[in-house]
Amino acid sequence: MKKVFLLVLVFTALVVYGQTLVIKGSNTVYPIAQLWVEEFQKMYPNLTVTLEGAGSTTGIKALFNETTDIANSSRFLKPSEIEEMHKAGRYFVPILVAYDALSVIVHPSLPIDDISIETLKKIYTGEITEWNQVDPKLPKRTIVVYSRNTASGTFETWVEKVLHGAKLSPRVQMLESSQAEIESVAKNPYAIAYTGMGYVTDKVKALKVNGVEPSIQNVIKGTYPISRPLFVFIDLSRFNNSWPMEGIVSDYLRFIVSPKGQSIVRQAGFVPAYGTGE
Amino acid sequence: MMKRVASFMFVLFTSVAAVLVAAALFAIVFFIFSESLRAIREVGWGLFSPNWYPVWELEPEFGVRTMLLNSLILTVWTSVWVWIVGLAVALYLHKYARDREKQVVLRILEYVSGVPSVVFGLFGVLILGDLFLRAGAWTAQNFLNASIVLSILTLPFMTSLTFQSIEKVPSHIVDGAVALGAKDIHVLLVELKYAAPGIVNAMLSVFNRIFGETMIVLMVAGGANVLVRSFFDPIRPLTATLGSEIGEVAVGSLHYSALFFIALLVLSGCLILNILTNVICRRLERWVKG
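Line order of the protein sequences matches chains C and X.
According to the working numbering, the first sequence is numbered sequentially starting from 697.
According to the working numbering, the second sequence is numbered sequentially starting from 3.
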């Protein structure tokens with residue numbers, strides 16, 4: 697009798713307190729997910745959440761191994777992953793949660809408003825080193841080129857969308873944070889840098905890229921060239937191949953696309969994919 | 003009885019602590035070496051090529067040569083200045099400063115040496131960086147900026163260590179020199195000779211400190227992987243790369259292993275220097291006494 701009682705106790709304890717949610721994947725999405733989890737745990741105080749940000753590939757691998765409930769990813773599935781998924785009889789679905797869109801910033805006093813992707817590529821690969829090579833009207837001064845360090849997801853987007861995989865010139869100065877980029881560009885009239893759209897302040901000037909202004913509308917419309925979607929993946933085969941309508945995973949997904957969740961996306965410096973209710 | 007137990011416990015405690023510390027050191031060296039093995043095996047001499055492109059999927063490059071040279075140039079240049087200025091300040095304090103002056107300066111040095119390096123880094127970014135731009139440098143974070151901030155960090159260290167070892171010279175040595183009719187400058191030389199082991203120890207510690215300093219170079223050196231050609235070139239020393247990238251790299255990847263190779267380089271640099279310090283100091287002590 698005692699044993700049964702104990703067992704029941706342990707079981708209820710598990711149900712009430714033992715609810716866990718495991719999230720793994722992209723380190724680009726990580727700062728957003730951190731804020732999401734923080735807010736989500738206020739709504740579910742008994743929930744234990746583990747969050748890891750080791751990279752998109754790691755997250756999707758973890759979905760295969762069933763070691764995570766949710767995989768954050770800064771890219772869509774690779775063809776090889778889709779094939780593997782089909783072979784295993786699994787079904788991973790993407791939920792679009794945000795856009796990682798980058799602004800190109802310069803000092804407000806520099807007489808330039810528009811820049812093309814090709815020019816940016818030339819600047820960052822070191823083919824062009826002075827401003828008057830960009831536009832003869834600009835001063836003949838060395839371009840001070842700043843980039844985020846290689847560890848950041850922002851940097852990955854830049855290499856993919858602007859450099860098309862080409863190598864950065866070694867003269868490019870790597871900075872540790874978006875804040876440092878804004879500060880450095882605000883002080884140096886001949887500097888150029890890129891940063892997540894949400895970080896731009898009025899101390900710097902955001903350039904149009906290929907004639908398109910960096911704005912949330914243009915990112916969602918798909919006309920702004922330096923942006924990429926960010927996803928959250930779940931494995932539907934764990935929910936009998938149908939959309940989970942209840943349970944913690946479902947609640948979490950609902951939360952992150954809700955106006956509250958989306959305003960958190962904005963707060964983290966990214967472009968929300970849906971309305972923020974503002 | 004109690005007394006014996008207590009003393010036994012004390013011996014046990016201290017010896018276990020000593021063994022643990024030694025074991026930890028060996029474990030760290032072994033860990034760093036074993037993690038960098040993959041890079042050594044797969045990249046080989048490529049590790050000493052000039053370019054560092056760790057995260058490019060096509061042809062990644064893991065060359066540390068530029069960073070290593072920049073590290074060495076920055077360390078040697080800064081150390082030489084710190085040595086000269088530190089020695090001068092220590093001599094002034096010892097020889098010419100009044101007691102009150104001495105106390106004030108030593109107190110200030112003490113406070114400065116307690117400031118964390120990140121604060122100095124901030125100073126370099128916000129204040130020195132601004133001055134550099136106003137003076138016409140093309141970028142705020144550069145070799146000279148890093149060098150200045152590093153000297154501010156290590157000068158107090160150099161000065162107080164040197165000062166202490168000069169002060170420790172026994173008075174009978176000085177008196178003896180004076181009694182033999184030595185002039186001021188010769189007395190000073192005698193004192194310097196006597197204090198030499200301490201001074202050399204201070205010099206090499208400063209060198210070591212600058213070589214291994216991470217936060218400051220990360221913040222103010224500029225982060226560009228070009229070999230320094232002028233004072234205003236931005237550079238990226240070894241430690242800056244390590245500090246910047248180790249936090250986000252995928253564990254077990256080639257990039258991870260290459261970063262551990264950098265750690266191995268820095269560690270062995272510091273170890274070799276430490277051993278060298280010991281050897282030189284012992285020689286000098288013998289020379290002084292002999």
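Just so you know, even glycine gets a beta-carbon here, dropped at the ideal spot from N, CA and C.
Across the set C:Ser722, C:Glu735, C:Tyr726, C:Asn723, the C-alpha of C:Glu735 shows the shortest separation from the C-alpha of Tyr948 (chain C). Annotated as proximal: Ile264 (chain X) and Leu244 (chain X), with beta-carbon spacing under 7 Å.
Legend: CB atoms of the region 203-232 of chain X lying less than 7 Å from CB atoms of chain C belong to residues Leu220, Gly224, Gly225, Ala226, Asn227, Val228. Looking at the DSSP output, Ala902 (chain C) sits in a beta bridge with C:Ile801. Under the DSSP definition of a beta bridge, Leu792 (chain C) partners with C:Phe927. A contact is defined here as three or more CB-CB pairs under 8 Å, and the region 220-231 of chain X meets this definition with respect to the region 141-154 of chain X. Within the same chain, and ignoring the five residues on either side of Thr815 (chain C) in sequence, the residues whose Cβ sits closer than 8 Å to its Cβ are Ile824, Val830. Using a Cβ-Cβ distance cut-off of 8 Å, the region 167-176 of chain X and the region 146-157 of chain X are not in contact, since fewer than three pairs of beta carbons, one from each stretch, lie closer than that value. Contact between the region 36-56 of chain X and the region 280-292 of chain X is absent, with fewer than three C-beta pairs closer than 8 Å. Setting aside the 5 residues that flank it on each side, Arg844 (chain C) is surrounded in the same chain by Thr850, Phe851, each with a C-beta closer than 6 Å to its C-beta; the list follows chain order. A residue is called buried once 16 or more other Cβ atoms fall within 10 Å of its Cβ, and Glu193 (chain X) is buried on that count. Excluding the 5 residues flanking it on each side, Phe33 (chain X) has no same chain C-beta neighbour closer than 8 Å. Within the model, the alpha-carbon separation for Arg211 (chain X) versus Ile274 (chain X) is close to 13 Å.
In terms of CA proximity to Val87 (chain X), X:Phe159 leads the group X:Arg67, X:Phe159, X:Ser38.
Burial state of Trp827 (chain C) is buried, judged by a 10 Å Cβ sphere holding 16 or more other Cβ atoms.
Collapsing the DSSP output to three states places Ala252 (chain X) in coil. Residue contact with chain X for Ala847 (chain C): present (Cβ-Cβ distance below 7 Å to some residue of chain X).
Proximity of chain C to Tyr55 (chain X) at the Cβ level (cut-off 8 Å) is accounted for by Lys863, Leu864, in chain order. Per DSSP, the unbroken beta strand (DSSP E) holding Tyr890 (chain C) starts and ends at 887-892.
Secondary structure of Gly957 (chain C) (DSSP, three-state): helix. In the displayed model, Ala142 (chain X) falls within coil according to three-state DSSP, outside both helix and strand. Sorting C:Phe935, C:Leu717, C:Thr724 by C-alpha distance to the C-alpha of Asn742 (chain C) places C:Leu717 at the top. According to DSSP, residue pairing for Asp186 (chain X) in a beta bridge does not occur.
In terms of Cα proximity to Tyr820 (chain C), the closest of C:Leu806, C:Lys863, C:Pro790 is C:Lys863. Here DSSP, grouped into helix, strand and coil, assigns Tyr94 (chain X) to helix. Sequence-distant Cβ neighbours of Gly65 (chain X) in its own chain, meaning closer than 7 Å and more than five residues away, are Gly48, Leu49, Phe50, Ser51, Pro52, Asn53, Trp54. C-alpha of Ile778 (chain C) to C-alpha of Asn936 (chain C): approximately 19 Å in a straight line. Following the DSSP letters along the chain, one finds Ile766 (chain C) inside the beta strand (DSSP E) bounded by residues 766-769. Comparing alpha carbon positions, the residue from C:Val733, C:Gly971, C:Val928 closest to Gly755 (chain C) is C:Val928. Pairing Gly785 (chain C) with Ala847 (chain C), the inter-Cα distance amounts to about 34 Å. At a cut-off of 7 Å between beta-carbon atoms, Arg867 (chain C) makes contact with chain X. If the five residues before and after Ile75 (chain X) are omitted, its C-beta is found closer than 7 Å to the C-beta atoms of Val230, all from its own chain and listed in chain order. Inter-segment contact for the region 796-811 of chain C and the region 877-892 of chain C is present: three or more beta-carbon pairs are separated by less than 8 Å. Residue burial annotation: Thr164 (chain X) is buried, with at least 16 other C-beta atoms found within 10 angstroms of its C-beta.
Separation of Ala179 (chain X) and Lys195 (chain X) (C-alpha to C-alpha, rounded to the nearest whole angstrom) is 12 Å. Lys104 (chain X) is positioned such that its CB atom lies no closer than 7 Å to that of Leu93 (chain X).
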